[in-house]
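Okay, so the sequence shown: first residue is 197 according to our numbering, each after it adds one. A quick write-up on the structure given underneath.
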Amino acid sequence: MSLLLAGATPQTLDNDGLTTAISAAGTTPDNHGEALAGRRFRITLPVIYGDAQNLRTYKSPARWRYDRRKQELEISVGLGQISAQNYDQFDEQGLSKVPDLQTTYFHVEERKVPSTFTSRGAIPTDILVEAGSRSAGVSYGLATPYPRSGEVGLPSGFKPLMISRIHMDPVGVKQAVSGMIMVIEGDITTLTDGGPLICGRFRGMLLAKNITGDNKNLLSDKQCFVTANIDRVSIYAGQTSGWKNPLLKRWTK
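What follows is the structure, encoded as structure tokens:
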């Protein structure tokens, strides 16, 4: 069934609408999301605690951390990037011929199971076995060109990685981060042959104490992106912050 009625003006797609549209298009091998080209979207993402040990946190574009010793709240906005190392369809889909694509995930499902990893020691007969976890799931996101001149798909002044630090007492932090969100607005565009929808698999290994402790965490999931132009990004404080203006920061074209 079509998402649009005949003659109706296309609605701006929110998180659920864009997830449904991508999921429906991704079930057909020859469907490259041509019908999504030109559609407007408005995605709302929570600014989440950045040290949680899961795939959703790893892929989240907006995170917060708090240093109690310094009484410092850190808010980071960090986009990913599609590369031949982390995306198995990079060459097959011709992504080496388009600008570098920054990723903004807005829907991540995860299934995490215990696992073991084996490796050989200094002596060939030594086999090391290490406990860890394996995360598998499905992710949907935006793929936005950056930074070639004339092809930048991000608002003016907005960079793929930005970190802000604010001096704040612990009570103020709880009020500020509760309900804090990032809102991303833009249009779906076509950068590759066939349409804006690209799907493949992500594979990666994490070994970072603040994310996975001392254990390895193998990440593997199906991921689908729509190539997009982002023209406005806004960050809002939570409703309990008590600030007169909840809009903390905005970038526009």
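In this text, a Cβ means the ideal position worked out from N, Cα and C, and glycines have one as well.
Asked: Proximity below 7 Å, CB of Tyr262 to CB of Asp296; Found: no
Asked: Member of Gly229, Lys255 and Gln207 whose CA lies at the smallest distance from the CA of Asp247; Found: Lys255
Asked: Start and end residues, alpha helix (DSSP H) containing Pro366; Found: Pro366 to Val373
Asked: Where Val456 falls, given that 16 or more other Cβ within 10 Å makes a residue buried; Found: Residue 456 falls outside the range modelled here, since the chain spans only 197 to 449, and no answer is possible.
Asked: Residue(s) in a DSSP beta bridge with Ile244; Found: Arg259
Asked: Leu357, enclosing beta strand (DSSP E) - first and last residue; Found: Leu357 to His363
Asked: Option nearest Asp389 by Cα separation, candidates Arg252, Leu291 and Gly434; Found: Leu291
Asked: Test item: CB-CB of Ile394 and Gln298 under 7 Å; Found: no
Asked: Asp389 (DSSP reduced to helix, strand or coil); Found: coil
Asked: 7 Å Cβ cutoff met for Phe354 and Trp447; Found: yes
Asked: Same chain, Cβ closer than 7 Å to Tyr283, neighbours up to 5 away in sequence not counted; Found: Gly396 and Phe398
Asked: Residues of its chain near Thr386, where Cβ-Cβ distance is below 7 Å and the 5 sequence neighbours each way are ignored; Found: Ala233, Pro392 and Thr423
Asked: Residue from Asn211, Leu241 and Ile218 whose Cα sits closest to the Cα of Glu230; Found: Ile218
Asked: Coil, strand or helix - Ser430 by DSSP; Found: strand
Asked: Residue environment, Ser380, which counts as buried when at least 16 other CB atoms sit within 10 Å; Found: One detail in the question is off: residue 380 reads as Ile in this sequence, not Ser. The residue in question, Ile380, is buried, as its Cβ has 16 or more Cβ neighbours within 10 Å.
Asked: Residue from Gly333, Ile384, Asp287 and His363 whose Cα sits closest to the Cα of Val304; Found: Gly333
Asked: Inter-residue CB distance, Gln267 and Met364 (contact presumed, cutoff 8 Å); Found: 6 Å
Asked: Nearest-angstrom Cβ-Cβ length linking Ser352 and Lys449, presumed shorter than 8 Å; Found: 6 Å
Asked: Buried or exposed by the 16-neighbour rule on C-beta atoms within 10 Å, applied to Gln435; Found: exposed
Asked: Buried/exposed call for Leu443, threshold 16 Cβ in 10 Å; Found: exposed
Asked: For Thr340, the nearest candidate out of Ala372, Ser374 and Asp383 (CA to CA); Found: Asp383
Asked: CB contact flag (Ile431, Met378, <7 Å); Found: yes
Asked: For Asp284, three-class secondary structure by DSSP; Found: coil
Asked: Backbone secondary structure at Ala233 - three-state DSSP; Found: coil
Asked: CA nearest to the CA of Tyr336, picked from Phe286, Ile278, Lys418 and Gln277; Found: Lys418
Asked: Buried versus exposed, by CB contacts within 10 Å (16 or more), Val367; Found: exposed
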